[in-house]
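Right, one structure below, let's go through it.
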Amino acid sequence: MAAATKLALSLKGTGIVFVGSRGADIKGPSRRGAGVYAWDTRHLSSYEVRPTAGSLRLRSAEILPDGALLRYSLDRLQIARRIRVENSIEDQWSIENAGPGDATFEADIAVDADFRDLFEVRRRKRITKGHREPAAANGHRLLFRYTAVDGVKQSTELLAPVDAWQTGDGPARGRVAVRVAPGDRRSIEIDIRVHSSLPSPVIADRDWDAWQRTSTKFASDSPDLDAWIARSSLDLFMLSDQTPDGFFPSAGIPWFVAPFGRDSIMTALMALPLRRDLAPAVLRKLSDNQGTRDVPERDEEPGRIPHEIRQGEIVRTGGAFGTPYYGTVDAPPLFVWLAAEAARWMPERDLIGDFEPNIRAALEWMEKRGDLDGDLFIEFERKRPTGITNQVWKDSGDSYLNAKGKRPEGPMAAVEVQAYAIEAMRSLAEVV
Numbered sequence: 238m239a240a241a242t243k244l245a246l247s248l249k250g251t252g253i254v255f256v257g258s259r260g261a262d263i264k265g266p267s268r269r270g271a272g273v274y275a276w277d278t279r280h281l282s283s284y285e286v287r288p289t290a291g292s293l294r295l296r297s298a299e300i301l302p303d304g305a306l307l308r309y310s311l312d313r314l315q316i317a318r319r320i321r322v323e324n325s326i327e328d329q330w331s332i333e334n335a336g337p338g339d340a341t342f343e344a345d346i347a348v349d350a351d352f353r354d355l356f357e358v359r360r361r362k363r364i365t366k367g368h369r370e371p372a373a374a375n376g377h378r379l380l381f382r383y384t385a386v387d388g389v390k391q392s393t394e395l396l397a398p399v400d401a402w403q404t405g406d407g408p409a410r411g412r413v414a415v416r417v418a419p420g421d422r423r424s425i426e427i428d429i430r431v432h433s434s435l436p437s438p439v440i441a442d443r444d445w446d447a448w449q450r451t452s453t454k455f456a457s458d459s460p461d462l463d464a465w466i467a468r469s470s471l472d473l474f475m476l477s478d479q480t481p482d483g484f485f486p487s488a489g490i491p492w493f494v495a496p497f498g499r500d501s502i503m504t505a506l507m508a509l510p511l512r513r514d515l516a517p518a519v520l521r522k523l524s525d526n527q528g529t530r531d532v533p534e535r536d537e538e539p540g541r542i543p544h545e546i547r548q549g550e551i552v553r554t555g556g557a558f559g560t561p562y563y564g565t566v567d568a569p570p571l572f573v574w575l576a577a578e579a580a581r582w583m584p585e586r587d588l589i590g591d592f593e594p595n596i597r598a599a600l601e602w603m604e605k606r607g608d609l610d611g612d613l614f615i616e617f618e619r620k621r622p623t624g625i626t627n628q629v630w631k632d633s634g635d636s637y638l639n640a641k642g643k644r645p646e647g648p649m650a651a652v653e654v655q656a657y658a659i660e661a662m663r664s665l666a667e668v669v
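If you use the numbering used here, the sequence shown corresponds to residues 238 to 669, in order.
So this is what it looks like as structure tokens:
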């Protein structure tokens, strides 16, 4: 997904996310989440390219399938900045001299990496921290390295045509410069690569052209509607990652670039007319992580579908909710509903047969574990004090209040969850 607003430029590639200002700067550790992220870790906390004389004036920002194109002016220079985000980040600057004489573009690069867990960036306190090594420079190459408390190693590598990197306290710094003749154009390229000893969550780069060829074609007599559908398809492409079973959609940038039960299921369900291959990917990922035992610390129960699956240091070492975390009661009926609807849209595939054990387990959870007091309604009640309180779509802590402004005690049944359960069983009965 990508967005250009006054607040941020958000770009997602294959397993990597770039979040900066509207002008694509990452101005130090930010509560708004600016940074480069991978594996639920902030791999760059600062990244700025600043001219040594004058200021860049942002003229436009255009979102593209693999990143963004920004245009600036600086005195006589016209600058096109192409940021490509896939499994790495390419930051390409094209500098054109529109004046009568030679001109020099000179800029300082400031970059730093704090390797903070995504939950820590969101202001969750982390009890333990790993070891961050001092930045290491070798020619044009700059390397930041970090070892987490559980031994996982992560690094960020930056390549830029600087004379030399200056490292020490604070961000590392380097200077780039090009001389541009009148009417000529010169370029500068900065590459950002992220590494981890964790496995990659995706298998391959995405192909926008292939996505367009294999998506359902829509046409209407309304240019606005056609443009809206085209942009929606682009946003869905940006949010999705390639898996062996198809494209899997994440929930949002930057905090929710991860498998989410409810969000991923609803996205796949609503996208069936456009992309049928999201549904098998979502069903496979969630069934592979379906609950099999009772683990109150993660709200896990046999048959329960995960709420979210994370890779960061905090959840790996027992903090936050753990991973996978199962604190949602709407994902099991939504899982069954998606399986039934996908089977209807893809009769050539035996999806019900492929996922029959998982469907049966989800149905059993709905009937026995989800109904906490035997009244035939699915209710929610967290198993640990630090878990999600309201385990449904409206999961903020103050979304369910009584007339006195207090949260009711005891199990609660959300009306939409009952509707999901009815539709799941009705749809399943029609395809089996």
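We put the CB at the ideal spot given by N, CA and C, even for glycine.
- Put simply, of Gly-483, Ser-452, Pro-481, Pro-543 the residue whose alpha carbon is nearest the alpha carbon of Ser-469 is Ser-452.
- If you check the CB distance, Arg-318 and Leu-307 come in under 8 Å.
- Two segments are said to touch when three or more pairs of C-beta atoms, one from each, lie closer than 8 Å; by this definition the stretch 639-653 does not touch the stretch 552-559.
- In this structure, Arg-499 places its C-beta atom within 8 Å of the C-beta atom of Asp-567.
- Of the other Cβ atoms in all chains shown, fewer than 16 fall within 10 Å of the Cβ of Ala-456; this residue is therefore exposed.
- Just so you know, the alpha carbons of Thr-504 and Ala-335 end up roughly 47 Å apart.
- Positions of the beta strand (DSSP E) runs, each at least 3 residues long and wholly inside the stretch 406-441, are given as 409-417, 422-433 in order along the chain.
- Phe-474: not part of any beta strand (DSSP E); member of the alpha helix (DSSP H) spanning 460-476, first to last residue.
- The beta carbons of Ala-414 and Glu-343 sit about 4 Å from each other, so the pair counts as a contact at 8 Å.
- The alpha-carbon separation between Thr-554 and Leu-379 amounts to approximately 29 Å.
- If only uninterrupted beta strand (DSSP E) runs of at least 3 residues are considered, none is enclosed by the stretch 566-591.
- The stretch 256-295 contains no complete alpha helix (DSSP H) run of 4 or more residues.
- If the five residues before and after Gly-257 are omitted, its C-beta is found closer than 6 Å to the C-beta atoms of Leu-246, Ile-263, Ala-271, all from its own chain and listed in chain order.
- Residue range 304-311 is occupied by the beta strand (DSSP E) that includes Tyr-309.
- If the five residues before and after Arg-296 are omitted, its C-beta is found closer than 7 Å to the C-beta atoms of Arg-308, Tyr-309, Ser-310, all from its own chain and listed in chain order.
- With fewer than 16 other beta carbons inside 10 angstroms of its own, Val-669 counts as exposed.
- With fewer than 16 other Cβ atoms from the protein chains shown falling within 10 Å of its own Cβ, Ser-292 counts as exposed.
- Under DSSP, His-368 takes part in a beta bridge, and its partners are Thr-384.
- Within the DSSP bridge table, the entry for Thr-560 names no partner.
- Inter-residue distance for His-368 and Gln-655 is about 48 Å (C-alpha atoms, whole angstroms).
- Partner residues in the beta bridge of Glu-545, as assigned by DSSP, are Phe-497, Tyr-562.
- Phe-617 is not a Cβ neighbour of Leu-520, given a cutoff of 8 Å.
- Taking C-beta separations shorter than 8 Å and ignoring five residues to either side along the sequence, the partners of Thr-623 in its chain run Ala-557, Phe-558, following chain order.
- DSSP places Phe-342 within a strand segment (E or B) once states are collapsed to three.
- Following the DSSP letters along the chain, one finds Arg-663 inside the alpha helix (DSSP H) bounded by residues 652-668.
- The C-alpha of Ala-516 is placed about 17 Å away from the C-alpha of Ala-599.
- Between the stretch 578-594 and the stretch 534-546, the count of Cβ pairs shorter than 8 Å is below three; the stretches do not touch.
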